[in-house]
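Here the working numbering is used: the first residue of the sequence shown is 23, the next is one more, and so on.
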Amino acid sequence: MKTKEKVKKESFFKKIAPYMGNKRMYLPIAAILSVLSAFLRILPFYFIWKISNELFSSNGISIENVKHYALMVFITTVAGIFVYFAGMMIAHLAAFQVEVGIKKKGFEKVMNMPLGFFNIHSSGKIGKIINDGAAETHSFLAHQFPDIASSIVTPLLILIIFFYFDWRLGLAAMAPIILSFIMISRMMTEEGKKYLQKYMNALEEMNSEAIEYVRAIPVVKTFGQSVKSFNRFYNSILNYKKLVIAQNKLEENRYSWYLVFVQSTALFLIPVSILIINNNGNIGTVISNFILYIMVAPQLALVMEKSMFFRFQYTASNQAIDRFNNLLDYEKINYMGNTVKIQGKEIEFRDVNFSYDGELNVLENINFKVEKGETLALVGTSGSGKTTIARLAARFWDVDSGEILISGKNIKDYDKEVLMDNISFVFQNTELFKTTLRDNICFGREVSDEILQNALIRSRSKEIIENLDEGLDTIIGTKGTYLSGGEKQRISLARAFIKDAPIVLLDEATAFADPENEYLIQTALKELSKGRTTIIIAHRMTTVKDADNIAVLDKGKIVEYGSHELLMEKDGLYKKMWDEYQRAIDWNIKGAER
């Protein structure tokens, strides 16, 4: 199993095209309106210049002309605002369409991902990438995109003004803008892009770890620990802090000089205006031109600043949509669509080899068969491949070589729904939804009260319900209603009894249980396993003692296989693990007696 790695050189707009639906023409319309608004917003400066010419004219002031130009200032200003607003509205409609499209398609794809996808991507990371892809893209299209066209047209119009009315003042006004542009260009480097990529990755990692930390707060508080006890979250915060400081230090001097230059237009215009007047320039004309240039020059600086933020937002949006596409560009599992029912219920692994990265095998030459109604226990050290075997049996991933059979047929031949309907899972990390216990147990199924009560009794969960004021209608996660790890697993077992699947996969089912809960879980597991084909994993050796067969794994290989009695007689790895487990129990008992 390995994720696809594709380097896509598509433009940002091609990447978002599939999410635009019937609003693809909205962006070009928004761009056209942006160009028109840029032209309209420059015109008021021209009419103000005409007014100043009238006021400083040596031929006297024409009140009628001043009124006319003032009216034109008002009309062009209002028209520019209206057209710009219309363009922004249309751009927002396109942005909302893309945002909804990204989220809808993202979660639709996530819902159809193979189970292995969720083993390597945390829920926090998935949510962050999808929401960021939608939010960053929306922000760019709604707020930055309309300024693209105006950022091209406005500088051209301003340059025409600069060199048409008085080229000398035009050059003076251009000087600080050129210096500002140099500072901006020095900020937009490949090094800056790399820092932005690292920043976004660090933010994504910190968000993901924050979600996991919040979920673990009850445990953290129970043991009186601080955030430092959750090393991954703490380290992600430090890494984020380091990148933010480094990026700010990289840009602080350049951005400071940019602000100095962009605000210094008058510093260049005033001495040049004085020189022109001293060289027999018309005072009224020079003052009128000075007023025009002092108003127009900052507009060019504003456009440059927008262009800088546009470049930043474009890069951030492009990277966000790339992360979104890369997340969903996961190797799919193809199902045959065969709705034939599973008959025999036995599970068999034949010469199975598997790797997560396509290179290093985590399972090698795995062979075993679990007959209908039998229980196979998988034991071994951490990382030996126990959980991988259980998840391959449910087709979280496809094997690299060999085959897995259920009822004599390759699991690839079964439809996904058929496969899932015949397998129940009880994993070590039991998740409960923030809804009622009834909904958590029934899991969307229509279940009669009789069947539900029977499942509660058989899973040893009835006392949990009885101890809650609202019983099955208790909402988990609100009003302080939380369950312990062992109680959650008993609820998970109730789910398995409700589902009544013929194949059961139990992964570390007692990992988070206290002794009392462990006993209840063990009793429930024995009942759940009766008549069902069961694969069970546990570190506590007493859990697997009564299994029909035990597979001992070491470094991805089955090194021993047989019943508890047979493996004890072999005096191999299993007996060593059993003896170590017994010594640990004896040590705990003696320690308690002291």
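Where is the CB? At the ideal position from N, CA and C, for every residue including glycine. Here the structure is a predicted model, which means the values were calculated and not measured.
* **C-alpha distance - D495 paired with D373, whole-angstrom precision** => Mapped onto the sequence shown, residue 495 falls at position 473. Mapped onto the sequence shown, residue 373 falls at position 351. Approximately 48 Å, taken between the alpha carbons.
* Asked: Which two residues bound the contiguous alpha helix (DSSP H) that contains E121?
  -> In the sequence shown, the residue the question calls residue 121 occupies position 99. Counting along the chain, the alpha helix (DSSP H) containing E121 begins and ends at 85-133.
* Alpha carbon to alpha carbon, what distance is there between P198 and I103? -> Position 81 of the sequence shown, counted from the first residue, corresponds to residue 103. Position 176 of the sequence shown, counted from the first residue, corresponds to residue 198. Spanning the two alpha carbons is a distance of roughly 28 Å.
* Asked: How about the stretch 427-439 and the stretch 451-468: do they share at least three Cβ pairs that are nearer than 8 Å?
  -> no
* Relative to the alpha-carbon of I309, which residue among F61, V566, K484, I73 has its alpha-carbon at the smallest distance? -> Position 287 of the sequence shown, counting from 1, holds the residue named residue 309. Taking only the C-alpha atoms, the option nearest I309 is I73.
* Counting only runs that start and end within the stretch 471-546, where is the beta strand (DSSP E) found for 3 or more residues in a row? -> 525-529
* Around the C-beta of W71, are 16 or more other C-beta atoms found within 10 angstroms, so that it is buried, or is it exposed? -> For the purposes of this step, residue 71 is taken as the residue at position 49 of the sequence shown. So W71 ends up on the buried side.
* **G303 versus S295 - alpha carbon distance** => To locate residue 303, count along the sequence shown from 1; it is residue 281. To locate residue 295, count along the sequence shown from 1; it is residue 273. For G303 and S295, the distance between alpha carbons rounds to 9 Å.
* Can you give me the start and stop residues for the beta strand (DSSP E) that V384 sits inside? => Locating residue 384 in the sequence shown gives position 362, counting from the first residue. Boundaries of the beta strand (DSSP E) harbouring V384: 383-392, taken from the DSSP string.
* **DSSP three-state assignment for E453, whether helix, strand or coil** => Here residue 453 refers to the residue found at position 431 when the sequence shown is read from its first residue. It is coil, neither helix nor strand.
* Using only alpha-carbon positions, find the residue among F255, L528, R333, K597 that is nearest to L398. => On the sequence shown, residue 398 is found 376 positions in, with the first residue counted as 1. If we check each option's Cα against that of L398, L528 comes out closest.
* To do: Measure the alpha-carbon distance for E158 versus R333 and round it to whole angstroms.
  => Residue numbering aside, residue 158 sits at position 136 when the sequence shown is read from its first letter. Residue numbering aside, residue 333 sits at position 311 when the sequence shown is read from its first letter. When rounded, the distance between both Cα atoms is 13 Å.
* **Separation of R517 from L474, as counted between CA atoms** => Counted from its first residue, the sequence shown places residue 474 at position 452. Counted from its first residue, the sequence shown places residue 517 at position 495. Approximately 9 Å, taken between the alpha carbons.
* 8 Å Cβ cutoff, V421 in contact with chain C -> The question asks about chain C, but that chain is absent: this structure has only one protein chain.
* To do: Can you give me the Cβ contacts of F203 inside the same chain, cut-off strictly under 8 Å, excluding the 5 residues immediately before and after it?
  => Taking the first residue of the sequence shown as 1, we reach residue 203 at position 181. M326, listed in sequence order.
* **Reduced DSSP secondary structure (H/G/I, E/B, other) of V294** => Reading the sequence shown from its first residue, position 272 is the one you call residue 294. It is helical.
* To do: Measure the CB-CB distance between L314 and F187 and report whether it falls below 8 Å.
  => Looking up residue 314 in the sequence shown gives position 292. Looking up residue 187 in the sequence shown gives position 165. Cβ atoms of L314 and F187: closer than 8 Å.
* Under 7 Å Cβ to Cβ from K28, same chain only, skipping five residues before and after it: list those, please. => Along the sequence shown, read from residue 1 onward, the residue named residue 28 stands at position 6. Residue placement at K28 cannot be trusted, given a pLDDT of 46 that sits under 50; the coordinates are not used to answer.
* Environment of F35 [buried if 16+ CB atoms lie within 10 Å] -> Here the question's residue 35 lines up with position 13 in the sequence shown. Burial call: exposed.
* Any contact of the stretch 44-64 with the stretch 170-178, i.e. 3+ C-beta pairs under 8 Å? -> yes
* Asked: Mapping DSSP to helix, strand and coil, what is V374?
  -> The count along the sequence shown starts at 1 and reaches residue 374 at position 352. The answer is strand: DSSP assigns V374 an E or B state.
* Identify every residue that forms a DSSP beta bridge with I580. => Walking along the sequence shown from the start, residue 580 turns up at place 558. In DSSP, I580 forms a bridge with L575.
* Between the stretch 396-416 and the stretch 560-576, are three or more C-beta pairs nearer than 8 Å? -> yes
* **Which listed residue (E540, S406, L77, F290) has its alpha carbon closest to that of K577** => Start at 1 with the first residue of the sequence shown, and residue 577 comes out as number 555. Selected option, being the one with the closest Cα: S406.
* Reduced DSSP category for V175 - H, G, I as helix; E, B as strand; rest coil -> As a working note, residue 175 is residue 153 in the sequence shown. Residue state, collapsed to three classes: helix.
* Asked: With respect to the alpha helix (DSSP H) encompassing G149, which residues constitute its N-terminal and C-terminal limits?
  -> Here the question's residue 149 lines up with position 127 in the sequence shown. Element bounds for G149: 145-161.
* Asked: On the three-state DSSP scale, how would you describe V421?
  -> The residue given as residue 421 occupies position 399 in the sequence shown. If DSSP states are grouped into helix, strand and coil, V421 belongs with coil.
* To do: Compare the beta carbon distance of I445 and A523 with 8 Å and say whether it is the shorter of the two.
  => One-based indexing of the sequence shown puts residue 445 at position 423. One-based indexing of the sequence shown puts residue 523 at position 501. Yes, the pair counts as a contact, with Cβ atoms nearer than the cut-off.
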